[in-house]
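One structure is given below, encoded as structure tokens.
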Amino acid sequence: MHAVGLSGFIDHTPRFGSIFSIAITYSPRFNLVEHKNTSLSVGIPLSIGGSGGRGGRQTDSYYVGDDIYYYDYDTGEPEVKSRFMIDIPVMLNFNVGALSSPDNPHRVGFFVGGGLGYHYGPVNVKQVIRNYHYTDSTYQDSFGPVANAGIRIRIGDKADGIELKGSYMKSVSKRQPDIYGITLLYNFDLSQRPRFSRKLH
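Letter by letter, the sequence shown follows residues 0 to 200 of numbering that gives the first Met the number 0.
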């Protein structure tokens, strides 16, 4: 089965705060084991997006060594640049009810699972060099365990439906950020397997 939709992510570190990113998500899912009302699946929900910038109408700059840093001339706050983000977890999920398999006739279902993920996202690093204080709008690589859970609602008589899920990743890499995610997806099936009829309950 496949799903596409939108995701929101928060990259949070205790020292450097939180940054919100929005992404487009494509989520293929393959069932390893199927039963009447449940399944065990592996999926790779790939999300690509970015975070917005923050800066005033006027910017000024200063040098620290050979590097140049920009800030909002009106407020004195650092200028935060727009940045790219990618999230690639590999998830093992236990699915119950609707859309646990293409042939499941239930209207509502849920799932829960875990796995490992890679996240490349924005971070604002506050630096001090000599007497200069500045914020570096940069990126960080994160890798660690991921947990997710959500609900699915089937639409019509086909294996299509809506999925809403939340996720949490705890990075074990440098700065150890917490990655929170919420995703809204539309599920669909491209296989030619026979479908259930209206007579099924």
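All residues carry an ideal CB built from backbone N, CA and C; glycine is no exception.
- Message: For a test of the three-state rule: what should DSSP assign to GLY180, helix, strand or coil?
- Response: In the sequence shown, residue 180 corresponds to position 181, counting from 1. It is a strand residue.
- VAL122 versus ILE181 - alpha carbon distance: Residue 122 sits at position 123 when you count from the first residue of the sequence shown. Residue 181 sits at position 182 when you count from the first residue of the sequence shown. Going from the Cα of VAL122 to the Cα of ILE181 covers about 19 Å.
- Distance between HIS34 and TYR185 (C-alpha atoms, nearest Å): The residue you call residue 185 lines up with position 186 of the sequence shown. The residue you call residue 34 lines up with position 35 of the sequence shown. Roughly 23 Å separates the two Cα atoms.
- Message: Taking its Cβ as the centre, do 16 or more other Cβ atoms sit within 10 Å of PHE8, making it buried, or is it exposed?
- Response: In the sequence shown, residue 8 corresponds to position 9, counting from 1. It is buried - the Cβ of PHE8 has at least 16 other Cβ atoms within 10 Å.
- Task: Go ahead and pull the three-state DSSP assignment for SER172.
- Result: Taking the first residue of the sequence shown as position 1, residue 172 is located at position 173. In the structure shown, SER172 sits in coil (DSSP, three-state: anything other than H, G, I, E or B).
- Task: Could you check which residue in LYS173, PRO144, GLY165 has the C-alpha nearest to that of LEU5?
- Result: Residue mapping note: residue 5 aligns to position 6 of the sequence shown, counting from 1. Here the closest residue by C-alpha is GLY165.
- Spatial distance of TYR119 from GLY149 (CA atoms): Counting from one through the sequence shown, the residue named residue 119 turns up at place 120. Counting from one through the sequence shown, the residue named residue 149 turns up at place 150. TYR119 and GLY149: Cα-Cα distance of roughly 23 Å.
- Message: Which residue marks the beginning of the beta strand (DSSP E) containing GLY49, and which one marks its end?
- Response: In the sequence shown, counting from the first residue as 1, residue 49 sits at position 50. Residues 45-50.
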